[in-house]
Structures are given as C-alpha cells and as structure tokens.
Amino acid sequence: MVGKLPGTDKTWRDILREPAWRRTGKTPDYRFSLANERTFLAWIRTSLALLAGAVAVDQLAPNIAPTPVRLVLCVLLALVGAGLAVLSYRRWGQMEAAMRNDQALPFSRVMLFMTIVVAVAAFAFAVLILVAR
Amino acid sequence: MEARDPGLQPERTTLAWRRTLISLVVVDLFIWRSWLTSEPSTGNLVAGLPGLDYQGICALMAAAATIVLASVVWVRSRQLHAGNEAASARLVLVSTVAVVGLGATAIAAIAVGG
Numbered sequence: 007m008v009g010k011l012p013g014t015d016k017t018w019r020d021i022l023r024e025p026a027w028r029r030t031g032k033t034p035d036y037r038f039s040l041a042n043e044r045t046f047l048a049w050i051r052t053s054l055a056l057l058a059g060a061v062a063v064d065q066l067a068p069n070i071a072p073t074p075v076r077l078v079l080c081v082l083l084a085l086v087g088a089g090l091a092v093l094s095y096r097r098w099g100q101m102e103a104a105m106r107n108d109q110a111l112p113f114s115r116v117m118l119f120m121t122i123v124v125a126v127a128a129f130a131f132a133v134l135i136l137v138a139r
Numbered sequence: 002m003e004a005r006d007p008g009l010q011p012e013r014t015t016l017a018w019r020r021t022l023i024s025l026v027v028v029d030l031f032i033w034r035s036w037l038t039s040e041p042s043t044g045n046l047v048a049g050l051p052g053l054d055y056q057g058i059c060a061l062m063a064a065a066a067t068i069v070l071a072s073v074v075w076v077r078s079r080q081l082h083a084g085n086e087a088a089s090a091r092l093v094l095v096s097t098v099a100v101v102g103l104g105a106t107a108i109a110a111i112a113v114g115g
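Keeping their order, the protein sequence lines are chains P and B.
Residues 7 to 139 in this note's numbering are what the first sequence spells out, letter by letter.
Residues 2 to 115 in this note's numbering are what the second sequence spells out, letter by letter.
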C-alpha cells in the first residue's frame with residue numbers, strides 16, 4: 007500500500023503524516039485553533055454553496071440564457087467553488103503557522119475576491135432573469 | 002481533560018462540522034436530482050460499465066464525498082466531546098480533498114454531461 011508517488015521520493019505515508027510546519031513553534035491556545043478550524047469550515051461551506059448554485063442553475067433554469075452562456079457561467083461558478091476549497095485549506099495552514107511562530111496573521115485578498123465574485127454573479131443572474139422573461 | 006470551556010468552543014466547532022455536512026447533502030440532492038432526471042446515456046466511458054456518463058460519475062462522487070465527510074465529522078465530534086485538542090491536518094486535508102473532488106466531477110458533469 008505504501009508505494010512511492012510518481013515523480014517524487016514521497017510515499018503516501020509522508021503525505022498523510024502531520025506536515026512539518028505543525029511541529030514548529032509552540033502549540034496555539036486551543037481557542038484559537040478551534041476558531042481557525044471553524045473559519046476553515048465556513049469557507050468550505052461557501053465553496054459548497056457555489057457548487058450547489060452552479061448545479062442548480064444548470065439543471066433548474068435551462069432557459070435562463072443560451073446554452074453556451076449558461077454552461078460557461080455554471081462552470082465558472084463551480085471552478086471558483088473548487089478553487090475556494092483549496093484556498094481554505096491553504097489559509098487554515100498559513101493561519102496556524104503564523105500563530106505557532108507568533109507572527110501577524112497573513113493578509114489575503116480572498117475576501118475581496120469572493121465579494122466581487124458573488125456580487126458579479128448576482129448581478130449577472132439578475133440581468134439574465136430580467137432578459138429571459 | 003481540560004475544564005469546560007466557558008465559551009462552548011468545542012460545541013460550536015462540532016456544530017460547524019455538522020453544518021458543513023448538511024451543506025454537502027444539499028449539493029448531493031441537486032446532483033442526484035440532475036442525474037436521475039437526465040436522459041439515460043448510451044456512452045461507454047468506463048469499460049464494462051455501459052451507461053455511466055459524467056453525470057453518473059458525479060453522482061457516485063457525491064456519495065463518496067458524503068461518506069468521507071460524514072466519517073470525518075463523526076471522528077472529530079468524538080474528539081471534541083472528549084477534549085479541546087486541535088484538528089489533525091489529516092482530517093482537514095481529507096475534507097478538502099472530498100470537496101475538491103466533488104467540484105471537479107461537477108464541472109465535468111456540467112460541461113460534458115449536461
């Protein structure tokens with residue numbers, strides 16, 4: 007079961023072991039760890055909501071726009087959703103690494119980016135709903 | 002075991018995990034609905050499994066992701082019931098991979114199998 011991953015010296019066991027940054031610095035107060043965990047979960051739920059929106063628009067509103075436009079919009083929404091899931095894991099790790107080493111929490115443009123994505127998507131669907139009637 | 006947290010942090014974290022599982026079930030319902038209402042496929046993506054199109058793969062992936070996340074939520078709830086220890090990176094990573102995998106198959110289902 008423990009075979010080498012293609013192209014690396016790492017085994018599956020290395021991937022599943024606790025990452026190296028988790029052994030640096032000091033373990034944060036459990037309240038901060040749990041808050042960080044809940045923030046991760048909140049981002050994951052945002053990601054799931056985008057996926058649900060993509061599938062729902064594709065299936066429940068087939069006449070909202072010409073098929074190519076609808077497909078592009080839905081694929082974009084689902085892409086942002088999947089990307090956001092990756093980002094939320096990365097952010098969870100960065101936040102804990104910063105706490106362990108007593109550094110300032112990293113600044114990120116994820117919030118600005120997501121605000122723009124949701125606002126643009128809402129506006130686009132509002133226009134499409136108006137035009138589709 | 003530590004003293005009971007006055008801010009009920011472990012309880013809030015358990016509820017956050019369960020909320021996340023419920024969100025995943027909502028996505029599942031949309032995916033399964035679109036699979037069940039789609040026309041039966043004559044494609045043959047996987048040898049030996051006729052009729053399995055990207056919609057079907059997405060529906061299977063949704064079931065797999067739900068089982069994985071439900072197991073993670075179960076493990077984590079037990080941990081948080083027993084104490085205040087932080088989540089292992091493994092649990093967080095496995096949940097992320099489940100959601101990303103679901104997203105990838107959903108994109109394939111929308112773009113190709115829709």
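C-beta atoms are modelled at their ideal positions from N, C-alpha and C, and glycine is treated no differently.
On a predicted model such as this, the values are computed, not experimentally measured, just so you know.
Contact belief for residue i with residue j at Cβ below 8 Å, rounded distance in angstroms
i	j	result
Ala91/P	Val73/B	Not really, about 14 Å apart at Cβ, beyond 8 Å.
Thr15/B	Arg44/P	Going by Cβ atoms, the distance from Thr15/B to Arg44/P rounds to 10 Å, so no, they are not a contact pair.
Ala109/B	Leu47/P	That pair is no contact at about 26 Å.
Through-space distance from residue j to residue i, alpha-carbon basis
i	j	result
Leu141/P	Leu134/P	Residue 141/P lies beyond the stretch modelled for chain P, which goes from 7 to 139, so this question has no answer here.
Leu81/B	Pro11/B	5 Å
Val81/P	Thr73/P	12 Å
Leu54/P	Gly104/B	8 Å
Leu92/B	Arg115/P	26 Å
Trp75/B	Thr33/P	24 Å
Ala66/B	Gly31/P	34 Å
Gln56/B	Val123/P	26 Å
Pro25/P	Leu66/P	42 Å
Assigned exposure category for residue i - 16 Cβ within 10 Å defines buried
i	result
Gln109/P	exposed
Asp35/P	exposed
Asn42/P	buried
Val63/P	buried
Phe129/P	exposed
Glu40/B	exposed
Phe113/P	exposed
Asn107/P	exposed
DSSP three-state assignment for residue i, whether helix, strand or coil
i	result
Asp35/P	coil
Phe46/P	helix
Glu40/B	coil
Val113/B	coil
Phe113/P	coil
Ile68/B	helix
Val98/B	helix
Asp29/B	helix
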